[in-house]
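Read through the structure below, which is laid out as structure tokens, and then see the notes.
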Amino acid sequence: MRKTTAAALAAACGLFSLPALSADNGIYLGASVGQSSVEFDDNIGGQNLNFDASATGFKAIAGWRFLDWLAVEANYVDLGSGDDNVAGERIESDVNGITLSAVGFVPVGPVDLFARVGAVNWNADLDAPGLGVSASDDGTDLTYGLGAQFRVWSLSIRGEYEIFDISDADTVDMFSIGVTWTFL
Numbered sequence: 024m025r026k027t028t029a030a031a032l033a034a035a036c037g038l039f040s041l042p043a044l045s046a047d048n049g050i051y052l053g054a055s056v057g058q059s060s061v062e063f064d065d066n067i068g069g070q071n072l073n074f075d076a077s078a079t080g081f082k083a084i085a086g087w088r089f090l091d092w093l094a095v096e097a098n099y100v101d102l103g104s105g106d107d108n109v110a111g112e113r114i115e116s117d118v119n120g121i122t123l124s125a126v127g128f129v130p131v132g133p134v135d136l137f138a139r140v141g142a143v144n145w146n147a148d149l150d151a152p153g154l155g156v157s158a159s160d161d162g163t164d165l166t167y168g169l170g171a172q173f174r175v176w177s178l179s180i181r182g183e184y185e186i187f188d189i190s191d192a193d194t195v196d197m198f199s200i201g202v203t204w205t206f207l
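The structure is reproduced here in structure tokens:
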């Protein structure tokens, strides 16, 4: 009798806790911080220039999860200021942009696996102070990524890897960890 009562009580507690772990649809806001990387290989004047810089980046997140498995998300992304020595000269990069993406979710208990695809409107600045050279470029290109988030009620903690397919760059990416809060 005691085993039956204990099992029934455990099952009831489990059933009442399921709504706390269910997908929380609605408008959400958040922020992430992480490690960004900018790499490019260019041939200028017959000289191969290989630039590889890492920096601390961040993003502000705003999204609308209108289905358990689909959201639209906009982000302001600042990939930070990185520098590298190329041909004996220090070159600094500063890349930022605004993204708009569709985000697909696969809920697995309290964890959501997700993938994103969208566009990034970016701005990049390169400076070589020792040479007195400064250049800027901007454009709109593809962005995509993968991630996972753990959610409890309206709070989600997420980890994500994103690639920004910026023209003229070999790799522009960011690993980040962040939080979001969903407003119902």
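With the first letter of the sequence shown counted as 1, position 41 gets the number 64 in our numbering; the numbers rise by one all the way through. The C-beta atom is built at its ideal place from N, Cα and C for all residues, glycine as well.
- Taking 8 Å as the upper bound for CB-CB distance, residue 142 and residue 166 are in contact here, some 6 Å apart.
- Residue 73 sits in a strand when the DSSP states are folded into three classes.
- Between the beta-carbon of residue 112 and that of residue 151 there is about 5 Å, and that keeps the pair under the 8 Å contact cut.
- The alpha-carbon separation between residue 65 and residue 98 amounts to approximately 29 Å.
- Look at residue 130 here: in three-state DSSP terms it is strand.
- For residue 51, the closest of 88, 137, 74, 76 by C-alpha to C-alpha distance is 88.
- C-alpha of residue 169 to C-alpha of residue 154: approximately 39 Å in a straight line.
- For the set 172, 47, 187, the Cα lying nearest the Cα of residue 161 is the one of 187.
- With respect to the 9 Å criterion, residue 61 and residue 171 are not classified as neighbours on the basis of their beta carbons.
- The secondary-structure analysis by DSSP pairs residue 48 with nothing; it has no beta-bridge partner.
- Excluding residues up to 5 positions away in sequence, 88, 205, 206, 207 lie with their Cβ nearer than 7 Å to the Cβ of residue 49 in the same chain.
- Rounded to whole angstroms, the gap between the alpha carbons of residue 103 and residue 196 is 12 Å.
- Residue state for residue 92 is assigned as coil, using DSSP reduced to three classes.
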